[in-house]
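According to mature numbering (1 follows the signal peptide of the UniProt record, and there is no 0), the sequence shown holds residues -20 to -1, 1 to 272 in order. Just so you know, even glycine gets a beta-carbon here, dropped at the ideal spot from N, CA and C. Bear in mind that the values here come from a model prediction, so they are computed numbers and not experimental data. What follows is a single structure, written as C-alpha cells, with notes after it.
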Amino acid sequence: MAFRLSHLSLVLSLVALALAGVAIYRNTYEAMMNNGGLLQTVSPDIGLLESAASILTLNNKNNIGAERKSAKLNQQLTQESCVFSAVNGVVDSAIDAETRMGASLIRLHFHDCFVDGCDGGILLDDIPGSFQGEQTSPPNDNSARGFEVIAQAKQSVVDTCPNISVSCADILAIAARDSVAKLGGQTYTVALGRSDARTANFTGALLQLPGPSDNLTEQIRKFSDKNFTIREMVALAGAHTVGFARCVTVCNSNNVNPAARLQCNCSATQTDSNLQQLDATPAVFDKFTTMR
C-alpha cells in the first residue's frame, strides 16, 4: 500500500514539473513575440502552476496521512502478535507439563470475569493486615490455580516484547483462549485493552460466583445478574468438559444419584482432597456433539 502511494506521488510530481516546463516555455515564447506582454501572459499560467502545486501538496499530505495510519496499524499488529506469541509459548509449556493446567486457567479467567468484570482482580495477592483480595475468598481458596503461569506469561511479554504495555487481565484472557485451543476446542479472537484492577472484592467472590452447592434458583439468579440467559447458564454451568474437581465438591453424601457416589475416586470423608475427573475425557475440550 505504501509503495503504491509513493508511486502515485512520484507520477504527480513529474506531471507538475512537466506543466511547469510547458508554462515557462510558453511564457518565454509569447514574451519574445509580443515584446513586453510577459506580465499579461504569465498570470494564467501561474494559476495553472499553483493548481498543479496544490494537487501535489494535497496528494502528499494524503499520502503521508495514509502512510502514517498504515504504519501505526502495522506496528499495532506486530505488537499484538508479539504478545500473543509470548503468552502462547508459556501456556503451551505449562499444559504440556500438566494437562490439568489448561482447565485451571480457563476456570481462573471465569472466576476473574464473573466478579466485577475481567479486570485481573483475582490476581492480586493478599497483604496481611492491609488488603484482602479474592484469592482467599472461599470459592477460590485452595481451589483457584494457575497464578504462577500468568506471572510467567507476563514476564515473557516483558522480556520478549520490550516497550509494549499489556495488562495482566489481557494476559489471563489470552491464556484462557489458548488453553481452550490447546485442549482441542475452537479458538476465538481476544481483543486487547482491558485495564487491571487496583483492588479486589473478597465479598463479591463469595456472593457472586456460582457454587457447587447452589440450587437451581440460586444459579439462575447469579447468572441473570450477569445478563446471562438460562440457556447460557446451562452451557456454562453444565459443560465442564475438561479438568478435575476436588472430591469434597463433587462426591458428597447428598448426591441425588447414589450410584454416582460409588464411582467417585474419593474416600468417605468430606475432607478428602483427591481429584475426580469431570467427564470421561478430562484432557480434551470435547465438541458439543460428543459431550456426554
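With a beta-carbon spacing of about 6 Å, residue 147 and residue 175 fall inside the 8 Å limit used to define contacts.
DSSP places residue 208 outside both helix and strand once states are collapsed to three, so it counts as coil. Put simply, the backbone Cα of residue 143 is about 46 Å away from that of residue 193. Residues of the same chain with a CB within less than 8 Å of the CB of residue 72, apart from the 5 flanking positions on each side, are 158 and 162 in chain order. Between the segment 125 to 135 and the segment 69 to 86 there are three or more C-beta pairs closer than 8 Å, enough to call the two in contact. Cβ-Cβ distances below 7 Å link residue 126 to 81, 84, 85 and 88 in the same chain, with the five nearest sequence neighbours on each side left out; the list follows chain order. When secondary structure is reduced to three states using DSSP, residue 144 falls in the coil class, being assigned neither helix nor strand. Taking a cut-off of 8 Å for Cβ pairs, the segment 172 to 192 and the segment 95 to 114 touch, as three or more such pairs fall below it. Across the structure, residue 91 and residue 58 are spaced so that their CA atoms are roughly 30 Å apart. Beta-carbon to beta-carbon, residue 119 and residue 189 are separated by about 4 Å, close enough to satisfy the 8 Å threshold. Counting the other CB atoms within 10 Å of its CB gives residue 145 a total below 16, which places it among the exposed residues. The beta carbons of residue 102 and residue 124 sit closer together than 8 Å. Taking C-alpha positions only, residue 206 is separated from residue 140 by approximately 36 Å. The beta carbon of residue 166 is closer than 8 Å to those of 160 in its chain, skipping five residues each way along the sequence. Under the DSSP definition of a beta bridge, residue 107 partners with 111. Residue 198 carries a helical assignment under DSSP once its states are collapsed to helix, strand and coil. For residue 125, no alpha helix (DSSP H) run applies, since DSSP gives it neither H nor E. In chain order, 64, 67 and 170 place their CB closer than 7 Å to the CB of residue 154, counting only its own chain and leaving out the 5 sequence neighbours on each side.
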